[in-house]
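Start counting the sequence shown at 7; every next residue gets the next number (our numbering).
Comments concern the structure below.
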Amino acid sequence: SSLETTAMSPRGKFATDIAVLIYGDYPHLTDRCLRPLVKLRDAGVDVRVYANEPSDASMSAAVGLGFSPKIYVPQVYKYPVLSEAIASTQSKFFMWFDDDSFIRAADPISWLTKLELVAASTKADLMGSVYTIDLGPGQADWVKTRPWYRGKPIKPKPAFVTGGWWMARMDFLRSLGWPDPQLRHNGGDVMLGLACQ
């Protein structure tokens, strides 16, 4: 169908690159997050794993599933890793997992296929679990200084997609220069929500 053609990557069936960030001594989270991604990797999806100060047990969990994480010691925090992951993405869509997020669907391949079709048919810029939050002191002023701010009113309680798992169009992320280079570890999901608005 035309939707399938729209979603396809020149590399193969899927048009999504996946990046995962594992951290510390949480081998059970590493295994739970990465195990469903093995099927996607084996189906041709580019799944890249990054590790901030991982324990030997967490690394063993990742390596045991056939992944070769890029390791950061000392850790460089979440958003510098995200910046590197996005910079090396060549697909139409980009998907991010913190290690405490995971695919619950029994068939990860059907799950990703459906997500790509939804993203292609709706032209959604960002998909995930939507929440709202009150902005903290100074956050609206900070947003107004950013190159991705477009001059629109800033909502005091913006909607955002939680940062543990999300999927975005790469052209959208590139148009923002995302992630903002001033972000280190916290708050980037709320700021991406504001950038969408």
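We put the beta carbon where it would ideally sit given N, CA and C, even for glycine.
Query, Result
"CB Leu35 to CB Asn58, shorter than 8 Å?", "no"
"Report the option in Ser116, Leu132, Ala126, Ser127 whose CA atom is closest to the CA atom of Pro42.", "Ser116"
"If contacts are defined as beta-carbon pairs under 8 Å, then Leu182 and Trp154 qualify, I think. What distance do you get, rounded to the angstrom?", "4 Å"
"If we count the other Cβ atoms within 10 Å of its Cβ and call it buried at 16 or more, is Thr138 buried or exposed?", "exposed"
"If you drop the 5 nearest sequence neighbours on each side, which residues of the same chain put their C-beta closer than 7 Å to that of Val196?", "Ile139, Pro164, Phe166"
"Use the C-beta contact count for Gly199: other C-beta atoms within 10 angstroms, 16 or more gives buried, fewer gives exposed.", "buried"
"Is the separation between the beta-carbon of His191 and that of Lys84 shorter than 8 Å?", "yes"
"Among Val51, Gly157, Leu189, Asp37, whose alpha-carbon lies nearest the alpha-carbon of Gly70?", "Asp37"
"Taking the straight line between their C-alpha atoms, what separation do you get for Pro80 and Leu141?", "31 Å"
"Among all the DSSP beta bridges, which residues are the ones paired with Leu27?", "Tyr56, Asp104"
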